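In UniProt numbering, the protein residues as written are 1 to 324. Below: one structure, written as structure tokens.
See below:
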């Protein structure tokens, strides 16, 4: 099972992160077929996918990075590697950095606001508070404001607790420079974190109130749960209709949602765990039409992120395992 690479090793079949369908991350061959290189890759695959996804905000690109990581890892003499996990993280980081710089140029021509690709996640992601915060839509948007190197350093240090020396090897900087980059990135992120971080339970309560109001077109109900400075972002990618620019303020957002969601049957607006947090998914005729992630501050909705681009919704039919 799998294709043979130039060095004779078996390349895992490409079937999505964590062995799920629809992507290009390596999956292990059948029992008895895996060699040590494949076993090491499969052992750390979910971690590597998480690193790449947090750096890129795109599951599709993270899967491509994992495929590139495998191809490079398959050519390494395993006997010379003391720590396969660290080595694989270094390869993944380097590949993700190169892709991140390319993506920055692509996004300049993206139609309308760009939002990260949402992931249907497993319950254990929500149980890991730090992991859930790091992959939330709100945090991924904050990470978008960092330079590629700052983002890599922040993700590796703050989320995965990688040592400065290891990070230096991954990003091609000295340990002293990495410490300075980490300090700068922490300050940048801290200034943009949610003002009053809500727990998953608080988020779920606010989201349920929002769902009831949105599903019935209850304008006052929406105003009661939206913060005065709430912002709504929509991502249709030029393929689906979405708000072409951010919508600011409770009154404007409430009226837009009441008019739009009020036409949808309440049963079509369903709760789900997306990127480790409660979110809403609109399904029409059994197909995911919109994923709406939220940011909650002090019990009120301060951010709404509606992803409608169908090319970004392929990971909403099956949960994606993430790991630190």
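By construction, the Cβ of each residue, glycine as well, lies at the ideal position given by its N, Cα and C atoms. If you're wondering where the values come from, they're calculated on a predicted model, not measured in any experiment.
Exercise for review: Could you spell out where the alpha helix (DSSP H) holding residue 73 opens and where it closes?
Suggested key: Looking at the DSSP string, the run of the alpha helix (DSSP H) that includes residue 73 is 59-73.
Exercise for review: Let me know if residue 98 comes out buried or exposed under the rule of 16 or more other beta-carbons within 10 Å of its beta-carbon.
Suggested key: Residue environment analysis places residue 98 among the exposed positions, since fewer than 16 neighbouring C-beta atoms fall within 10 angstroms of its C-beta.
Review point. Given that a residue counts as buried once 16 or more other Cβ atoms are within 10 Å of its Cβ, and exposed if not, what is residue 178?
Key: buried
**Study point:** Alpha carbon of residue 160 to alpha carbon of residue 223, nearest angstrom
**Key:** 39 Å
Review point. What is the rounded straight-line gap between the Cα of residue 326 and the Cα of residue 75?
Key: With the chain running from 1 to 324 in the structure shown, residue 326 is simply not present.
Check your understanding: Leaving out the 5 sequence neighbours to the left and right, which residues in its chain are closer than 8 Å to residue 140 when beta-carbon positions are compared?
Key -> Result list for residue 140: 54, 57, 116, 275, in chain order.
Practice item. State the CB to CB distance for the pair residue 132 and residue 126, rounded to an integer number of angstroms; the pair is presumed to be in contact (CB under 8 Å). Key: Residue 132 to residue 126, Cβ: 5 Å. Contact.
Check your understanding: In whole angstroms, what is the alpha-carbon distance linking residue 38 and residue 50?
Key -> 18 Å
Review point. Would you say the segment 282-295 touches the segment 247-256, given that touching needs at least three Cβ pairs under 8 Å?
Key: no
Practice item. Return the residue from the list 308, 218, 191, 47 that minimises the CA-CA distance to residue 113. Key: 308
Practice item. Quick one: measure Cβ to Cβ for residue 257 and residue 214, integer angstroms, because I've assumed they're closer than 8 Å. Key: Correct: roughly 5 Å between the Cβ atoms.
Review point. Can you tell me where the alpha helix (DSSP H) with residue 127 in it begins and where it stops?
Key: 123-127
Check your understanding: Does DSSP classify residue 305 as helix, strand or coil?
Key -> strand
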